[in-house]
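368 is the number of the first residue of the sequence shown in the numbering used here; add one for each residue after it.
Yeah, the Cβ is synthetic: ideal placement off N, Cα and C, and Gly gets one too.
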Amino acid sequence: MALPTLRMIGFILGIFLITLAIGMVVPMLTLLVYDRSDDLHSFLWASLITFATGLMLVLPGRPDNVQLRPRDMYFLTTCSWLTVCCFAALPLFFIQHISYTDAFFESMSGVTATGSTVLSGLDSMSPGILIWRSLLHWLGGIGFIGMAVAILPLLRVGGMRLFQTESSDWSEKVMPRSHMVAKYILVIYLGFTLVGSLAFWLAGMSLFDAVNHAMSAISTGGFSTSDLSLAKWQQPAVHWVAVVLMILGSLPFTLYVSTLRGNRRALWKDHQVRGLIGLLVFTWIGFSLWYQMRSGLGWMDTFRIVALNVTSVVTTTGFALGDYTLWGSFSIMLFFYLGFIGGCSGSTAGGLKIFRFQVAWVLLRANLQQLVHPRAVIRQQYNGHNLDDEIVRSIITFSFFFTITIAVIALGLTLTGLDWITALTGAASTVCGVGPGMGHIIGPAGNFSSLPDAAKWMLSFGMLLGRLEIITVLVLLTPAFWRH
Numbered sequence: 368m369a370l371p372t373l374r375m376i377g378f379i380l381g382i383f384l385i386t387l388a389i390g391m392v393v394p395m396l397t398l399l400v401y402d403r404s405d406d407l408h409s410f411l412w413a414s415l416i417t418f419a420t421g422l423m424l425v426l427p428g429r430p431d432n433v434q435l436r437p438r439d440m441y442f443l444t445t446c447s448w449l450t451v452c453c454f455a456a457l458p459l460f461f462i463q464h465i466s467y468t469d470a471f472f473e474s475m476s477g478v479t480a481t482g483s484t485v486l487s488g489l490d491s492m493s494p495g496i497l498i499w500r501s502l503l504h505w506l507g508g509i510g511f512i513g514m515a516v517a518i519l520p521l522l523r524v525g526g527m528r529l530f531q532t533e534s535s536d537w538s539e540k541v542m543p544r545s546h547m548v549a550k551y552i553l554v555i556y557l558g559f560t561l562v563g564s565l566a567f568w569l570a571g572m573s574l575f576d577a578v579n580h581a582m583s584a585i586s587t588g589g590f591s592t593s594d595l596s597l598a599k600w601q602q603p604a605v606h607w608v609a610v611v612l613m614i615l616g617s618l619p620f621t622l623y624v625s626t627l628r629g630n631r632r633a634l635w636k637d638h639q640v641r642g643l644i645g646l647l648v649f650t651w652i653g654f655s656l657w658y659q660m661r662s663g664l665g666w667m668d669t670f671r672i673v674a675l676n677v678t679s680v681v682t683t684t685g686f687a688l689g690d691y692t693l694w695g696s697f698s699i700m701l702f703f704y705l706g707f708i709g710g711c712s713g714s715t716a717g718g719l720k721i722f723r724f725q726v727a728w729v730l731l732r733a734n735l736q737q738l739v740h741p742r743a744v745i746r747q748q749y750n751g752h753n754l755d756d757e758i759v760r761s762i763i764t765f766s767f768f769f770t771i772t773i774a775v776i777a778l779g780l781t782l783t784g785l786d787w788i789t790a791l792t793g794a795a796s797t798v799c800g801v802g803p804g805m806g807h808i809i810g811p812a813g814n815f816s817s818l819p820d821a822a823k824w825m826l827s828f829g830m831l832l833g834r835l836e837i838i839t840v841l842v843l844l845t846p847a848f849w850r851h
């Protein structure tokens with residue numbers, strides 16, 4: 368990789384670190400408001416270290432006439448997420464007095480909006496740490512939206528070319544257009560956060576809890592300010608606000624932009640949106656009928672509990688309303704399956720993404736028709752796009768390595784002494800970005816603190832792979848990438 372290219376990548380990483388350092392001002396102000404100045408110096412030191420590092424990378428200046436190629440973008444994307452997570456862990460390391468492994472795991476979970484945690488005693492924890500965890504979710508969520516809209520389609524990763532727009536073109540011709548789309552998305556994301564905070568507050572949360580949960584819900588992250596997650600608040604309105612925000616965060620943000628610009632049917636015409644909403648409603652109703660027969664609760668309570676937990680798992684948020692693993696074997700298996708689905712492309716949600724399941728159905732239906740009518744010419748389309756060989760190959764490759772990644776990490780976790788349920792569900796939940804796994808250790812009522820350090824590093828790598836769509840990271844591990 369040429370020196371000017373490395374300088375450009377370093378310059379961009381420096382901007383990210385300076386932004387992160389400025390972001391640490393938010394928890395510092397929070398500590399001043401709550402008169403918890405004992406933790407202030409830790410955040411100050413973390414901010415100074417982060418800012419100084421970013422400044423050193425930025426000071427050499429932006430090289431002239433350097434265009435980043437797709438292969439450079441693979442390297443930049445992976446390095447930026449790793450670098451941000453390394454420095455975002457510093458406040459957790461300084462204040463919580465946990466190992467750097469635990470601090471890195473928590474920051475990776477925050478920035479990738481996974482929601483797995485090693486921390487307990489959240490109800491009495493420093494407000495600075497709580498707001499910092501939620502802020503990492505919020506920053507990671509908007510970062511992933513930008514990456515999914517502008518970078519992944521360019522890199523042709525996992526079938527993302529289906530959603531390529533002008534904002535995915537890095538040529539000079541459309542840069543003003545790209546900047547406008549980015550500004551729209553940022554305003555919408557901020558607007559949802561503010562409205563969500565107000566709604567949580569009006570529903571019965573304190574203002575501090577409302578802001579934290581709004582940032583966590585819209586980013587489909589899942590960090591809470593209580594060990595009980597949303598079960599701490601018994602008001603039904605709180606739960607329904609969370610459901611709405613999680614759904615909003617899991618829909619394509621580019622379609623919100625289209626709606627604001629006058630295309631009122633942009634959201635509902637999209638196959639992804641209709642598929643996700645249809646899946647949620649069908650699962651809510653069917654699962655609620657089953658759970659009501661088992662629990663004896665009233666219909667509205669049953670429907671609310673099921674709707675929140677199902678939406679949380681499908682959108683890969685990770686909020687919990689009670690321990691749903693106690694509902695029986697059927698519910699455990701169903702929630703395990705639902706965690707693979709994820710939200711829409713161009714949203715903050717993780718998982719395989721709903722569009723890949725829909726494309727698989729289109730391909731299956733076309734193949735079955737071809738068997739019945741061997742001479743027929745069958746057009747394969749999705750959402751108005753022709754499914755050419757490149758898109759199909761990209762989706763198949765991604766789906767295969769997504770599954771293989773979970774299998775390899777789960778196998779590695781068993782080598783650290785974990786039981787197979789913890790290993791398998793832990794690998795799946797981190798790669799998919801769901802957060803909690805299954806079982807008594809890492810289930811909705813537990814956390815990841817008791818896991819060995821080796822397991823936490825493997826799961827952290829799984830979070831990174833899942834968030835960056837697997838291939839973006841794996842390509843860096845090939846010898847061909849590093850050849851001149």
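Under the assumption that residue i contacts residue j (Cβ atoms under 8 Å), give the Cβ distance between them as a whole number of angstroms.
i: threonine 797; j: glycine 833; result: 7 Å
i: glycine 710; j: serine 617; result: 3 Å
i: isoleucine 696; j: proline 619; result: A quick correction: the sequence has serine, not isoleucine, at residue 696. Not a contact, Cβ separation roughly 35 Å.
i: methionine 675; j: alanine 609; result: A small correction: the amino acid at residue 675 is leucine; methionine does not occupy that position in the sequence shown. Confirmed, Cβ separation roughly 6 Å.
i: leucine 826; j: phenylalanine 472; result: 7 Å
i: phenylalanine 702; j: leucine 597; result: Their Cβ separation, rounded to whole angstroms, is 16 Å, which puts phenylalanine 702 and leucine 597 out of contact at 8 Å.
i: tryptophan 607; j: arginine 671; result: 7 Å
i: valine 729; j: leucine 693; result: Not really, about 38 Å apart at Cβ, beyond 8 Å.
Quick check: residue i and residue j, are their CB atoms within less than 8 Å of each other?
i: valine 681; j: isoleucine 708; result: yes
i: threonine 386; j: aspartate 439; result: no
i: histidine 504; j: serine 586; result: yes
i: phenylalanine 511; j: threonine 715; result: yes
i: glycine 717; j: glycine 829; result: no
i: valine 425; j: glycine 390; result: no
i: alanine 388; j: glycine 421; result: yes
i: phenylalanine 767; j: isoleucine 838; result: no
i: histidine 752; j: leucine 519; result: no
i: glycine 689; j: glycine 588; result: no
i: leucine 627; j: tyrosine 551; result: yes
i: phenylalanine 654; j: valine 605; result: no
i: proline 803; j: glycine 810; result: yes
i: serine 487; j: aspartate 594; result: yes
i: glycine 645; j: glutamate 836; result: no
i: threonine 783; j: alanine 821; result: yes
i: valine 451; j: methionine 375; result: no
Tell me where the alpha helix (DSSP H) around residue i begins and ends.
i: isoleucine 518; result: Neither: isoleucine 518 is in no alpha helix (DSSP H) and is coded neither H nor E.
i: isoleucine 699; result: 696–705
i: phenylalanine 410; result: 407–425
i: methionine 440; result: 437–455
i: glycine 525; result: Looking at the DSSP string, glycine 525 is not in any alpha helix (DSSP H), and its letter there is neither H nor E.
i: valine 608; result: 603–616
i: methionine 375; result: 370–390
i: threonine 789; result: 787–799
i: threonine 692; result: That residue, threonine 692, is in no alpha helix (DSSP H); it is neither H nor E in DSSP.
i: alanine 716; result: Taken as a continuous stretch (DSSP letters only), alanine 716 belongs to no alpha helix (DSSP H), as it is neither H nor E.
i: aspartate 756; result: 756–782
i: aspartate 402; result: Note, aspartate 402: premise wrong, no alpha helix (DSSP H); not H, not E.
If we count the other Cβ atoms within 10 Å of its Cβ and call it buried at 16 or more, is residue i buried or exposed?
i: phenylalanine 590; result: buried
i: lysine 823; result: buried
i: arginine 723; result: buried
i: glutamate 539; result: Note that glutamate 539 scores a pLDDT of 35, beneath 50, so its modelled location is shaky; the value from the coordinates is reported in the next line. Exposed: under 16 other Cβ atoms inside 10 Å.
i: glutamine 639; result: buried
i: valine 677; result: buried
i: threonine 479; result: buried
i: leucine 399; result: exposed
i: phenylalanine 383; result: buried
i: phenylalanine 454; result: buried
i: alanine 419; result: exposed
i: leucine 844; result: exposed
i: tryptophan 666; result: exposed
i: leucine 441; result: Per the sequence shown, the amino acid found at residue 441 is tyrosine instead of leucine. Counting Cβ neighbours within 10 Å, tyrosine 441 comes out buried, since at least 16 surround it.
i: tryptophan 849; result: exposed
i: phenylalanine 410; result: buried
i: glycine 629; result: exposed
i: valine 554; result: exposed
i: glutamate 533; result: Confidence at glutamate 533 is low in this model, with a pLDDT of 42, below 50, so its placement is unreliable and no value can be given for it.
i: tryptophan 366; result: Coverage of the chain is limited to positions 368 through 851, which leaves residue 366 absent and any answer about it impossible.
Does at least one heavy atom of the ligand SAM sit under 7 Å from the Cβ of residue i?
i: phenylalanine 559; result: By its list of ligands, the structure shown contains no ligand whatsoever, and the ligand SAM lies outside what it can speak to.
Could you tell me whether the Cβ of residue i comes closer than 8 Å to any Cβ of chain C?
i: glycine 833; result: You won't find chain C in this structure, because it holds only one protein chain.
- Item | Validate contact between the stretch 643–659 and the stretch 553–563 using beta carbons, cut 8 Å, 3 pairs | Three or more Cβ pairs closer than 8 Å define a contact, and the stretch 643–659 falls short of that threshold against the stretch 553–563.
- Segment contact, 8 Å Cβ cut-off, at least three pairs: the stretch 746–763 with the stretch 442–452: Touching, no, given that fewer than three Cβ pairs across the two stretches are closer than 8 Å.
- Message: Using a Cβ distance threshold of 8 Å, determine whether the stretch 771–781 contacts the stretch 454–465, with at least three qualifying pairs required.
- Response: They do not touch, by the three-pair rule.
- Task: Would you check if the stretch 807–823 and the stretch 495–509 touch, i.e. whether three or more CB-CB distances between them fall below 8 Å?
- Result: With a cut-off of 8 Å, the stretch 807–823 and the stretch 495–509 do not count as touching, because too few Cβ pairs lie within range.
- Query: Any contact of the stretch 627–645 with the stretch 568–579, i.e. 3+ C-beta pairs under 8 Å?
  - Reply: In short, these stretches do not touch, since the Cβ pair count stays below three.
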